[in-house]
Amino acid sequence: MITADRALMKRVAAGDERAFADLVNRYSARLLTLAWRLLGNRADAEDAVQRALLRLFRSARSYRPEWAVSTWLYRITTNVCVDELRRRAGRPILQQAGEERAAGGQGLRFEEAAGGAGRRLDLKRALLRVPREAGILLALRYVDGLSYHELARVRGISINTVKSQLARGKSILRAALQGGER
Amino acid sequence: MTTPVPMTREQIDQSLVAHFRPVPAGADLTRRVLDRLRENRSWERFAARIDVEASDRGVRLVRPGGGAGAPPSRAAARLAGRARQELHEYFAGRRSFFSVPVDFTGLRPFQRKVLALTHRIPFGETRSYSWIARRIGRPDAVRAVGTALGRNPVPILVPCHRVLRSDGGLGGYAFGLDAKRGLIGLERATPVLEGCATTGILCRVGCPDAQRMRDDSRVVFASVADARSVGYRPCRVCRPADPE
Numbered sequence: 018m019i020t021a022d023r024a025l026m027k028r029v030a031a032g033d034e035r036a037f038a039d040l041v042n043r044y045s046a047r048l049l050t051l052a053w054r055l056l057g058n059r060a061d062a063e064d065a066v067q068r069a070l071l072r073l074f075r076s077a078r079s080y081r082p083e084w085a086v087s088t089w090l091y092r093i094t095t096n097v098c099v100d101e102l103r104r105r106a107g108r109p110i111l112q113q114a115g116e117e118r119a120a121g122g123q124g125l126r127f128e129e130a131a132g133g134a135g136r137r138l139d140l141k142r143a144l145l146r147v148p149r150e151a152g153i154l155l156a157l158r159y160v161d162g163l164s165y166h167e168l169a170r171v172r173g174i175s176i177n178t179v180k181s182q183l184a185r186g187k188s189i190l191r192a193a194l195q196g197g198e199r
Numbered sequence: 029m030t031t032p033v034p035m036t037r038e039q040i041d042q043s044l045v046a047h048f049r050p051v052p053a054g055a056d057l058t059r060r061v062l063d064r065l066r067e068n069r070s071w072e073r074f075a076a077r078i079d080v081e082a083s084d085r086g087v088r089l090v091r092p093g094g095g096a097g098a099p100p101s102r103a104a105a106r107l108a109g110r111a112r113q114e115l116h117e118y119f120a121g122r123r124s125f126f127s128v129p130v131d132f133t134g135l136r137p138f139q140r141k142v143l144a145l146t147h148r149i150p151f152g153e154t155r156s157y158s159w160i161a162r163r164i165g166r167p168d169a170v171r172a173v174g175t176a177l178g179r180n181p182v183p184i185l186v187p188c189h190r191v192l193r194s195d196g197g198l199g200g201y202a203f204g205l206d207a208k209r210g211l212i213g214l215e216r217a218t219p220v221l222e223g224c225a226t227t228g229i230l231c232r233v234g235c236p237d238a239q240r241m242r243d244d245s246r247v248v249f250a251s252v253a254d255a256r257s258v259g260y261r262p263c264r265v266c267r268p269a270d271p272e
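In structure tokens form, the structure reads like this:
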């Protein structure tokens, strides 16, 4: 898989649109989910993924083969999403809530597994309490099971920081979901 | 507020797995990306033709088409050169702020006020013509604000493209609405806070110290506080700071 990805990237760097399509098809679902969970609605997530892929295509020549293509893709997509979060931080919270509503709260509807909608809603609320960097790592960890090493690369931090951030994020989640200490 | 039903560790883990389970993307994603790739190119020709004139005090004129007059002094030539370099980086998506000064000498006080306020609209954000009119204490002068911005001698450096109509319409732009749309899109696609994974330093995009950063070292952050929380420290040259 990893060598096949690298071969594809080589062709993308040469401007091969079919290779690009193959790469997109391979990762689009995971990238979209990552963006959706980070940004909270599908429209912004689709826009972010498109911009990330645009960046990937344009800068394919700066891809370095010592990176797994998936890690590279997650770096680029996370960068785009995080910048979107920065932009939102400048806007009043009320306006953001309105936008979420306008987006139809689609995040809640499509998945009823693992304990039903109520539990999902609890989880969503609890995730809002997790500090941003820890939340990003949790998303990357759960969307594609990235290793500590890969997470460290995507966010440009040490493996120890990855571990401590994940632990902190999870303990905040647990505190919120288990209703107090345990 | 309802109290959540207590969950076990396994249930939390299962919920996380379910929450982050991949959802299929639209089948036309590739095509949409390639369409965007092509549409973005049309206005870049406009960027390539831009030229700059400066005085000793700052940039006086930014306009497409070249043919700028000879600089009146060495200091002016230096400022014009700096502006060209910064504009080049801006169009390449590697700059989120301009440090070169502008010179409003000779402009009437009203226009000067409008431009000075526009100059402070943050990168990637937009305001309305009426917002400017209110802020300069002339709420009835919305039209005059539009005219003053339409005659902005230093577009891009003074970002009149960030001023839109209150109903979200684009309004006008001296270089055409495609260029205005293009600039707004460019700023959406350019990050503002970038850390270097190798040095652990956080810079504003465009910092001279960060220009040589390798692409695979660039990590975007949403705030200075976020970057600090995972061990980055702010650059002493460009001094990134979170908004109040």
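Residue numbers (the working numbering), protein chains in the order written: chain D, 18 to 199; chain G, 29 to 272.
Ideal Cβ positions, reconstructed from N, Cα and C, are used throughout, including at glycine.
Every value quoted in this text rests on a predicted model; they were computed, and no experiment measured them.
Proximity of the segment 91 to 100 of chain D to the segment 41 to 56 of chain D meets the contact definition, three or more beta-carbon pairs being nearer than 8 Å. In the three-state DSSP reduction, Ala31 of chain D falls in the coil class, being neither helix nor strand.
8 Å or more divides the Cβ of Glu101 of chain D from the Cβ of Leu145 of chain D. Membership of Val171 of chain D in the alpha helix (DSSP H) is indicated by the continuous run Tyr165 to Arg172.
Buried is the label assigned to Leu25 of chain D, since at least 16 other Cβ atoms lie within 10 Å of its Cβ. Of all residues in the segment 48 to 81 of chain G, only Phe48, Arg49, Pro50, Val51, Pro52, Ala53, Gly54, Ala55, Leu57, Thr58, Arg59, Arg60, Val61, Leu62, Arg64, Leu65 and Asn68 place a beta-carbon less than 9 Å from a beta-carbon of chain D. Going by C-alpha positions, Lys141 of chain G is about 12 Å away from Ala172 of chain G. Residues are counted here when their Cβ sits less than 9 Å from a Cβ of chain D; for the segment 214 to 231 of chain G these are Arg216, Ala217, Thr218, Pro219, Val220, Leu221, Glu222, Gly223, Cys224, Ala225, Thr226 and Gly228, given in chain order. Look at Cys224 of chain G here: in three-state DSSP terms it is strand.
Shown here, Glu38 of chain G sits in a helix according to DSSP, grouped into three states.
Using a Cβ-Cβ cut-off of 8 Å, Glu150 of chain D counts as an interface residue toward chain G, since at least one Cβ of chain G sits closer than that to its own. No Cβ of chain D is located within less than 8 Å of the beta carbon of Asp237 of chain G. Between the C-alpha atoms of Gln113 of chain G and Ala120 of chain G there is a straight-line separation of about 11 Å. Between the segment 180 to 188 of chain D and the segment 225 to 240 of chain G there are fewer than three C-beta pairs closer than 8 Å, too few to call the two in contact. In chain order, Asp84 place their CB closer than 7 Å to the CB of Ala103 of chain G, counting only its own chain and leaving out the 5 sequence neighbours on each side. Assignment of Cys231 of chain G by DSSP, reduced to helix, strand and coil, places it in the strand class. Contact between Ala225 of chain G and Gly152 of chain D is ruled out by a C-beta separation of about 20 Å, above the 8 Å threshold.
As summarised for the segment 53 to 108 of chain G, the continuous beta strand (DSSP E) elements at least 3 residues long and confined to that stretch are 78 to 82 and 87 to 92, given in chain order. Neighbours of Leu192 of chain G in chain D, taken as residues whose beta carbon is under 7 Å from its own, are absent, since the nearest beta carbon is some 15 Å off. In this structure, DSSP gives Val265 of chain G a state outside helix and strand, which the three-state scheme calls coil.
Gly152 of chain G is positioned such that its CB atom lies no closer than 8 Å to that of Arg49 of chain G. At a cut-off of 8 Å, the C-beta of Arg163 of chain G has no neighbouring C-beta in chain D. Collapsing the DSSP output to three states places Leu73 of chain D in a helix.
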